[in-house]
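> The UniProt record's numbering applies: residue 1 is where the sequence shown begins, and numbers increase by one.
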Amino acid sequence: MSSVTTSPSKASPSSMASFASLTDTSVSTVSTPLNIQKTEEQKKYRQFWWKTGNFHPKANWNEGFWEWKNNTVRVIEFPSPFHEGPVHTIVMKLGAVFDPVENTLAGIKACGATSREQDASFRPYGKPPVPSGGYDGGNMPWPNLIIEVVYGQSMSVLKDKIDNYWLLPNRVHDAIAIKLNYAQNNNVPTEMTAWHYCVNNRTVVGALAPVMYEFGTTDRQGNQINILPGQCVINIPLQCIYHGMLNLNIPALPLPNLISIDLFSVRNKLRKENAKLKHGKEEAETENAKLKQAWKSMKPESQI
1 MSSVTTSPSK ASPSSMASFA SLTDTSVSTV STPLNIQKTE EQKKYRQFWW KTGNFHPKAN
61 WNEGFWEWKN NTVRVIEFPS PFHEGPVHTI VMKLGAVFDP VENTLAGIKA CGATSREQDA
121 SFRPYGKPPV PSGGYDGGNM PWPNLIIEVV YGQSMSVLKD KIDNYWLLPN RVHDAIAIKL
181 NYAQNNNVPT EMTAWHYCVN NRTVVGALAP VMYEFGTTDR QGNQINILPG QCVINIPLQC
241 IYHGMLNLNI PALPLPNLIS IDLFSVRNKL RKENAKLKHG KEEAETENAK LKQAWKSMKP
301 ESQI
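Here you go:
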């Protein structure tokens with residue numbers, strides 16, 4: 001995780017950062033039961049996403065929080081649910097596709113992600129190690145498919161990383177990149193664009209030629225669009241998923257020849273989860289207002 005110098009007086013407690021960041025700075029401060037309780041509650045509700053794939057309305061994903069320990073303050077900022085939603089939807093889809101071959105030689109490993117790397121990645125369990133220059137800098141084989149999502153950020157850095165790092169020769173075979181525009185007030189992004197890169201798809205001069213899909217409610221020129229199921233589908237051939245498995249007979253069944261990811265389901269997932277969050281927030285605000293009113297009715301006016 002990256003580290004920068006900050007202080008409680010300057011750092012904002014809210015963030016829409018697309019990657020988690022952790023900052024340690026020595027300060028003279030103490031924790032309070034209220035701060036600790038809020039931190040632990042946010043942790044609990046945010047872990048709900050990792051366990052179930054659903055966003056809890058009390059998680060306050062648009063807020064960061066402080067942790068105090070031994071005179072050190074840690075500023076913790078969490079990824080936006082709009083960043084995590086597409087990743088989770090695609091990972092769950094691929095997991096369901098590969099589940100029938102999980103305990104066979106054709107099993108596919110979900111390699112996970114770190115804050116320095118891609119959001120998710122996949123490769124066959126049996127992909128052989130490489131002599132040098134592997135995924136870990138040594139002999140670890142590279143993933144065959146990576147997934148990366150950016151929310152409210154420029155695609156230029158990600159495209160450069162795909163062109164000049166991930167999809168260099170003898171590295172990753174396919175990449176799915178998704179760009180979501182920033183939406184105020186935690187509304188669902190209207191502009192959603194995906195690119196499917198494959199090292200086999202190139203221009204006449206050898207440059208990567210990704211297939212682009214626009215699956216939001218507006219395109220990149222601001223025109224209204226309304227896609228239907230099956231209109232924006234990324235198809236990944238099995239040969240790409242099993243690249244580098246020279247001695248494996250790729251199972252035609254039960255796996256489909258093309259691994260399909262319908263981006264309509266990605267958009268639909270974001271809209272449903274956002275509606276849940278807003279509904280939960282409204283319920284929480286209503287309940288809070290009732291509690292405040294009840295408290296005021298119990299206190300003399302001079303003490304309010």
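Virtual Cβ for every residue (Gly too), placed ideally from N, Cα, C.
Check whether the Cβ atoms of Pro100 and Arg123 lie closer than 8 Å to each other.
no
> Do you know whose CA, among Tyr242, Tyr165, Pro254, lies nearest Tyr125's CA?
For Tyr125, the closest C-alpha among the options Tyr242, Tyr165, Pro254 is that of Tyr242.
> Considering only their Cβ atoms, is the gap separating Ile227 from Phe215 smaller than 8 Å?
yes
> Determine the direct distance from the alpha carbon of Asp219 to that of Thr193, and round the result to whole angstroms.
8 Å
> Is it buried or exposed for Asp160, if we count other Cβ within 10 angstroms and need 16 for buried?
exposed
> Keeping to the same chain, check which residues put their C-beta closer than 6 Å to that of Asn70; ignore five residues upstream and five downstream.
Summary for Asn70: the model assigns pLDDT 48, below 50, so the residue's position carries little reliability; its value from the coordinates is reported in the next sentence. Cβ neighbours of Asn70 beyond the five flanking positions: none.
> Going by the DSSP bridge assignment, what does Arg123 pair with across the sheet?
Lys109
> Do Asn181 and residue 309 come within 8 Å of each other at the CB atom, strictly closer than that value?
Only positions 1 to 304 of the chain appear in this structure, which leaves residue 309 out of reach.
> Only counting the same chain, and skipping five residues up and downstream in sequence, which positions put a Cβ closer than 6 Å to that of Asn103?
Cβ within range, chain order: n/a, list empty.
> Could you check what DSSP says for Glu102 in three-state terms: helix, strand or coil?
coil
> For Pro179, tell me which candidate among Ser121, Lys109, Ser156 has the shortest Cα-Cα distance.
Reading the sequence as shown, one finds Lys at residue 179 and not Pro. The shortest C-alpha separation from Lys179 is found at Ser156.
> Taking only three categories from DSSP, how would you classify Arg220?
coil
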